[in-house]
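Colleague:
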Amino acid sequence: GGGGGGSAGTRCIPETKTELVAESKEAASFATMPATEERKNKRILVTGGSGLVGKAIERVVADGEGRADEEWIFVASKDADLTNAADTRALFEKHKPTHVIHLAAMVGGLFRNMKYNLDFWRKNVHINDNVLHSAYENRVQKVVSCLSTCIFPDKTTYPIDETMIHNGPPHSSNFGYSYAKRMIDVQNRAYFEQHGCRFTAVIPTNVFGPHDNFNIDDGHVLPGLIHKVYLAKQNGTALPIWGTGKPRRQFIYSLDLARLFIWVLREYNEVDPIILSVGEEDEVSIKEAAEAIVEAMDFKGVLLFDTTKSDGQFKKTASNSKLRKYLPDFKFTPFKQAVQETCNWFNVNYASARK
Numbered sequence: 030g031g032g033g034g035g036s037a038g039t040r041c042i043p044e045t046k047t048e049l050v051a052e053s054k055e056a057a058s059f060a061t062m063p064a065t066e067e068r069k070n071k072r073i074l075v076t077g078g079s080g081l082v083g084k085a086i087e088r089v090v091a092d093g094e095g096r097a098d099e100e101w102i103f104v105a106s107k108d109a110d111l112t113n114a115a116d117t118r119a120l121f122e123k124h125k126p127t128h129v130i131h132l133a134a135m136v137g138g139l140f141r142n143m144k145y146n147l148d149f150w151r152k153n154v155h156i157n158d159n160v161l162h163s164a165y166e167n168r169v170q171k172v173v174s175c176l177s178t179c180i181f182p183d184k185t186t187y188p189i190d191e192t193m194i195h196n197g198p199p200h201s202s203n204f205g206y207s208y209a210k211r212m213i214d215v216q217n218r219a220y221f222e223q224h225g226c227r228f229t230a231v232i233p234t235n236v237f238g239p240h241d242n243f244n245i246d247d248g249h250v251l252p253g254l255i256h257k258v259y260l261a262k263q264n265g266t267a268l269p270i271w272g273t274g275k276p277r278r279q280f281i282y283s284l285d286l287a288r289l290f291i292w293v294l295r296e297y298n299e300v301d302p303i304i305l306s307v308g309e310e311d312e313v314s315i316k317e318a319a320e321a322i323v324e325a326m327d328f329k330g331v332l333l334f335d336t337t338k339s340d341g342q343f344k345k346t347a348s349n350s351k352l353r354k355y356l357p358d359f360k361f362t363p364f365k366q367a368v369q370e371t372c373n374w375f376n377v378n379y380a381s382a383r384k
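Just so you know, the sequence shown maps onto residues 30 to 384 in our numbering.
1) Would you list, in sequence order, the uninterrupted alpha helix (DSSP H) runs of no fewer than 4 residues that lie entirely inside the segment 93-134?
2) Under the assumption that S306 contacts I281 (Cβ atoms under 8 Å), give the Cβ distance between them as a whole number of angstroms.
3) Find out if the Cβ-Cβ distance for the pair K184, G205 is shorter than 7 Å.
4) Quick check: what's the CA-CA separation for N146 versus Y208?
5) Measure the beta-carbon distance from E191 to K351 and round it to whole angstroms, keeping in mind my assumption that it falls under 8 Å.
6) In the segment 262-340, which residue ranges form an unbroken alpha helix (DSSP H) of at least 4 residues, counting only runs that do not cross its ends?
7) Just to confirm my understanding: we take K275, look at its own chain, exclude 5 residues before and 5 after, and list those with CB closer than 8 Å. What are they?
8) So, using beta-carbon positions, are P126 and E309 closer together than 7 Å?
9) Could you pull out every residue in the same chain whose Cβ sits closer than 8 Å to the Cβ of K365, ignoring the five residues on either side in sequence?
10) Do the segment 130-137 and the segment 70-81 touch if we need at least three Cβ pairs shorter than 8 Å?
11) Can you give the beta carbon distance from V173 to L294, rounded, assuming they're within the 8 Å contact cut?
12) State the start and end residues of the unbroken beta strand (DSSP E) segment that holds A347.
13) If you run the structure through DSSP and keep just helix, strand and coil, what is K184?
14) Please state whether DSSP places C226 in a helix, a strand or coil.
15) Can you check which of these residues, E99, E87 and G93, is closest to A105 by C-alpha distance?
16) Please state whether the Cβ-Cβ distance between P269 and L333 is less than 7 Å.
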């Protein structure tokens, strides 16, 4: 039987058939089901379902990646306040998921993070604790949470890999968010050690695509640039770019990330996290990214680099060698094509896009 505390020694993964039968009548009937039945109904709950990655997963599932035995449920902040434990518990009791993709988070750009580090810490710690504990209490078979490369130590060697998350303090600008996200990894290990839960996490690099937040002041670099080009083109003005354009980033298209998330949910069985990224050789400078957007938007104006503005970190190169060990043949969408598709989406959906 299971060890000390917790809900009467409930385990995510029962150690034996008899333990499963002993735990509850419901579990007993589940244990005697034929194997084919058992594999039938996968109910996959996606938190943060209306965001950039949630929308990409929804589209990829609808476009044929979903399987007959899977029911996908996408929830957004309007469906439940995940900072509230009772709300979260009610959500899980309503949908009874067997699997969870946990994307919900309080996020913001650099300047908002710097002002509200405490809020970012508290809200994200509450959200993550509520989701993981409700998953444990509802005997969810697997949870895949989403971390971020910005949570890695500020002082580090490159390329960054999965073993380095806790090797030093994160960048001081967003330490609240970073430490809250790092705790997901700590909790995943603890739930596994104490209760046998299969909770894991993925670490994407810079994600972009349709349904992003295109806010210029508080969004990320690529969607912010797309919005700036749109406005410069409309107003017949030059395109202002903050900094020198020299910093380099690994960008991953949200639809590629969605396909990888689904693979992790179905096939990846480690508790340790996995970086989901294009290779080191596919790093792109901010200048090259801006030029790809200019081309995609058919912008004919001038690019002005405002070198009085800070560049931020020069690079944050992450290694995708762990991913490549598992999936040597995964094909990423070429950067220019992904930028073109994202710009097309923004042009068509300008009125309703988050900005």
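All C-beta atoms, glycine included, are put in the ideal place defined by N, C-alpha and C.
Modeller: Taking the definition as stated:
1) 114-124
2) 6 Å
3) no
4) 10 Å
5) 6 Å
6) 283-296 and 315-325
7) S314, I315, K316, D340 and F343
8) no
9) A321, E324 and A325
10) yes
11) 5 Å
12) It is not in any beta strand (DSSP E) - A347 carries neither H nor E in the DSSP assignment.
13) coil
14) coil
15) E87
16) yes
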